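If you want the numbering used here, it's the position in the sequence shown, counting the first as 1, plus 102.
Below: one structure, written as structure tokens.
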Amino acid sequence: MGDASSKFRPYVGAGINYTTFFDNGFNDHGKEAGLSDLSLKDSWGAAGQVGVDYLINRDWLVNMSVWYMDIDTTANYKLGGAQQHDSVRLDPWVFMFSAGYRF
Numbered sequence: 103m104g105d106a107s108s109k110f111r112p113y114v115g116a117g118i119n120y121t122t123f124f125d126n127g128f129n130d131h132g133k134e135a136g137l138s139d140l141s142l143k144d145s146w147g148a149a150g151q152v153g154v155d156y157l158i159n160r161d162w163l164v165n166m167s168v169w170y171m172d173i174d175t176t177a178n179y180k181l182g183g184a185q186q187h188d189s190v191r192l193d194p195w196v197f198m199f200s201a202g203y204r205f
């Protein structure tokens with residue numbers, strides 16, 4: 103299990119993530135409450151993953167993995183025209199199922 107000739111190949115990984123935010127905005131309820139001009143600061147943080155590849159044949163594989171990302175940012179926005187700043191912590195767990203082709 104897990105060697106170069108195995109069909110079942112588990113793995114773990116750790117690293118650093120960089121998150122940038124775009125198309126920031128408030129929904130209609132937020133706008134009606136007086137919120138506007140949302141921007142989120144880019145973020146650097148720790149990341150980790152655990153997963154397994156299952157080799158169907160020489161070319162095709164299926165994958166299952168779980169990722170964790172430490173995402174801390176600052177939200178800048180206006181409330182009733184007054185500038186506001188809040189710390190935001192997202193820290194998502196991402197579950198992924200995928201297929202791959204090797205060439």
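From the three backbone atoms N, C-alpha and C, an ideal C-beta is built for every residue, glycine too.
Bear in mind the structure is a predicted one, so any value in this text is a computation, not a measurement.
Alpha-carbon to alpha-carbon, residue j and residue i
i, j, result
"His131", "Tyr203", "44 Å"
"Asn165", "Asp105", "16 Å"
"Arg111", "Leu163", "10 Å"
"Gly127", "Leu142", "10 Å"
"Ile118", "Asn129", "31 Å"
"Phe197", "Ser189", "25 Å"
"Ala149", "Gly115", "8 Å"
"Asp172", "Lys109", "32 Å"
Anticipated Cβ contact below 8 Å, residue i with residue j, distance rounded
i, j, result
"Leu137", "Ala177", "In fact, because the Cβ distance is near 10 Å, the residues do not count as touching under 8 Å."
Sequence-distant residues of its chain with Cβ nearer than 8 Å to residue i (five each side left out)
i, result
"Arg160", "Arg204"
DSSP-derived helix/strand/coil call for residue i
i, result
"Lys109", "coil"
"Asp172", "coil"
task: Inspect the CB distances between the segment 151-158 and the segment 180-189 and report whether three or more fall short of 8 Å.
output: Touching, no.
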